[in-house]
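A.B. asks:
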Amino acid sequence: MTTTTLEQAVTQAASGAVDTAVDKTVDKLEQRIAALETQLEEMADRLPQDRVTIVVFSGDLDRVLAAFIIASGAAALGQEVSMFFTFWGLNALRQKRSLDGKNLMERMMSIMSPASTHGMGVSKLNFFGAGSIMLRQMMKDKNVASVEELIDLCAEMGVKLTSCEMSRDVMGIGPAELRPDAEAGGVAAYLADALESRVTLFI
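The structure is reproduced here in structure tokens:
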């Protein structure tokens, strides 16, 4: 074998080895890129959405007002808003009081609870209802929407209103006592929304 032929053979062998190494490297890179793309897709699926979830536990007028002010503001900004009403917060969805079909404890609870938002007291300085009357008058004087107007506004804006089924059963509140546009749901319904939300509030 001549020197030239030997050099050509060596060159071809080296070239083939380089090509093989390059191909293997490219394959590994493609596999890594594919794995990274899969991870990014999975992360994107887990990222919170443009959603706000609010738990309304309190039945105080001022706190319920705050909840609906935040909800309407978020909805106006294009956020998908869910409100979950539990225990005393259920009174925000009540439109009437009914004693039909209730046992003694449920009737007592119903009588002691406000029949609608109009009977709600404030969290501080309530003074047997005087504080609530004063707050409503001050809001009216300042042209601030009432809690009833805010609730209707939120419903019109597509805010999801969900009453806690377990709390309703415990407190003896029938579905006929609540707003007709209020859905019924459990903790699973709340968590399904909360886990996809950028903002979650407890009021």
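The number in this note's numbering is simply the position in the sequence shown, starting from 1, with 37 added.
Think of the CB as a built atom: it goes at the ideal place given N, C-alpha and C, for glycine as much as any other residue.
Since the structure is predicted, the reported quantities are computational estimates derived from the model, not experimental observations.
Per DSSP, K197 forms a beta bridge with which residues?
C.D. replies: K197 pairs with S119.
A.B. asks: Using 8 angstroms as the Cβ pair cut-off and three pairs as the minimum, do the segment 61-73 and the segment 186-205 touch?
C.D. replies: The segment 61-73 is not in contact with the segment 186-205.
A.B. asks: In three-state DSSP terms, what is F236?
C.D. replies: It is Val, not Phe, that sits at residue 236 in the sequence shown. Three-state result, V236: strand.
A.B. asks: I need the straight-line Cα distance from G125 to Q76, nearest angstrom please.
C.D. replies: Reading off the sequence, residue 125 comes out as Trp, not Gly. If you take the alpha carbons of W125 and Q76, they lie about 43 angstroms apart.
A.B. asks: Starting from Q132 and walking both ways along the beta strand (DSSP E), at which residues does that stretch end?
C.D. replies: That residue, Q132, is in no beta strand (DSSP E); it is neither H nor E in DSSP.
A.B. asks: Compute the distance between the beta-carbons of M146 and G96, then report whether it is under 7 angstroms.
C.D. replies: Cβ distance not < 7 angstroms, so M146 and G96 don't count as in contact.
A.B. asks: Can you name, in chain order, every residue of its own chain whose Cβ lies under 7 angstroms from the Cβ of G211, other than the five neighbours on each side?
C.D. replies: Contacts found: S135.
A.B. asks: Of all the options G223, D137 and G110, which has the alpha carbon lying nearest to the alpha carbon of A213?
C.D. replies: Nearest C-alpha to A213: D137.
A.B. asks: Quick check: the Cα distance between N180 and L73, rounded to an integer number of angstroms?
C.D. replies: Rounded to the nearest angstrom, the two C-alpha atoms are 54 angstroms apart.
A.B. asks: Using a Cβ distance threshold of 8 angstroms, determine whether the segment 225-233 contacts the segment 156-170, with at least three qualifying pairs required.
C.D. replies: Touching, no.
A.B. asks: Using a Cβ-Cβ cut-off of 7 angstroms (strictly less than) and excluding sequence neighbours within five positions of L232, which residues of its own chain qualify?
C.D. replies: Taken in chain order, the list of residues that qualify is empty.
A.B. asks: Give the secondary structure of V181 by DSSP, where H, G and I count as helix, E and B as strand, and everything else as coil.
C.D. replies: Here V181 sits in coil by DSSP.
A.B. asks: Using the Cα positions of S183 and A71, report the straight-line distance between them to the nearest angstrom.
C.D. replies: Going by the C-alpha atoms only, they are around 55 angstroms apart.
A.B. asks: In terms of alpha-carbon separation, which member of R173, Q174, T123 and I107 lies closest to G222?
C.D. replies: Ranking R173, Q174, T123 and I107 by Cα distance to G222 puts T123 first.
A.B. asks: Taking the CB atoms as reference points, tell me whether I102 and S204 lie closer together than 7 angstroms.
C.D. replies: At residue 102 the sequence reads Leu, which differs from the Ile that was named. Result no, Cβ atoms of L102 and S204 do not sit closer than 7 angstroms.
A.B. asks: Can you list, in chain order, the residues of its chain whose CB lies under 8 angstroms from that of A192, leaving out five sequence neighbours each side?
C.D. replies: Contacts found: L198, R216 and D218.
A.B. asks: Is A113 helix, strand or coil by DSSP?
C.D. replies: Looking at A113 - three-state DSSP - the assignment turns out to be helix.
A.B. asks: Since I believe A104 is in contact with I240 (beta carbons under 8 angstroms), could you give me their beta-carbon distance rounded to a whole number of angstroms?
C.D. replies: Confirmed, Cβ separation roughly 5 angstroms.
A.B. asks: Run through DSSP, which three-state label would V159 get?
C.D. replies: Coil, per DSSP.
A.B. asks: If I follow the unbroken alpha helix (DSSP H) through E143, where does it start and stop?
C.D. replies: It spans L141 to M149 - the alpha helix (DSSP H) in which E143 sits, taken as one unbroken run.
A.B. asks: Kindly indicate which residue of Q116, T57, I107 and F94 has the alpha-carbon position closest to the one of R235.
C.D. replies: Nearest option by C-alpha distance: Q116.
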